[in-house]
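Here the structure comes first, spelled out in structure tokens, and everything after it is commentary.
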Amino acid sequence: TETKGKKRPANFSVSLDGGPGHTIKSDKGSFTFSDVPVGTHSVSLSVPGECTVTSPNPQEADVSFGQTIGVSFKTNCP
């Protein structure tokens, strides 16, 4: 994630295909899903109430066998 604004939250939550959220520490800014089946998947980001996601959310990721896919989100936390 790329965050703009003065109030950087402690963490965000990312989910795959509407599944349970996984915490992303905002100082790290990334999370890896392992063993994702081949196909098109939906990746979504949840942010604290004072923040907004300023990039498309959710985003689609087309996964091929053995492939690593990157999805990026932008947030604003005024």
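Residues 233 to 310, numbered by this note's numbering, are exactly what the sequence shown covers, in order.
Glycine included, every Cβ here is placed at the ideal spot set by N, Cα and C.
Computed from a predicted structure; not experimentally measured.
Give the secondary structure of residue i by DSSP, where H, G and I count as helix, E and B as strand, and everything else as coil.
{"i": "residue 299", "result": "coil"}
{"i": "residue 308", "result": "strand"}
{"i": "residue 246", "result": "strand"}
Going by C-alpha to C-alpha distance, which of the options sits closest to residue i?
{"i": "residue 267", "options": "255, 306, 283, 299", "result": "299"}
{"i": "residue 255", "options": "291, 284, 245, 301", "result": "245"}
{"i": "residue 257", "options": "247, 251, 241", "result": "241"}
{"i": "residue 251", "options": "280, 290, 284, 302", "result": "290"}
Using a 10 Å radius around the Cβ and a threshold of 16 neighbouring Cβ atoms, would you call residue i buried or exposed?
{"i": "residue 297", "result": "exposed"}
Excluding five sequence neighbours on each side, which residues of the same chain lie with their C-beta closer than 8 Å to the C-beta of residue i?
{"i": "residue 270", "result": "295, 296, 297"}
Check the DSSP bridge columns for residue i and list the partner residues they point to.
{"i": "residue 292", "result": "274"}
Ordered along the chain, which non-local residues of its own chain (more than five positions away) have a Cβ less than 7 Å from that of residue i?
{"i": "residue 265", "result": "248"}
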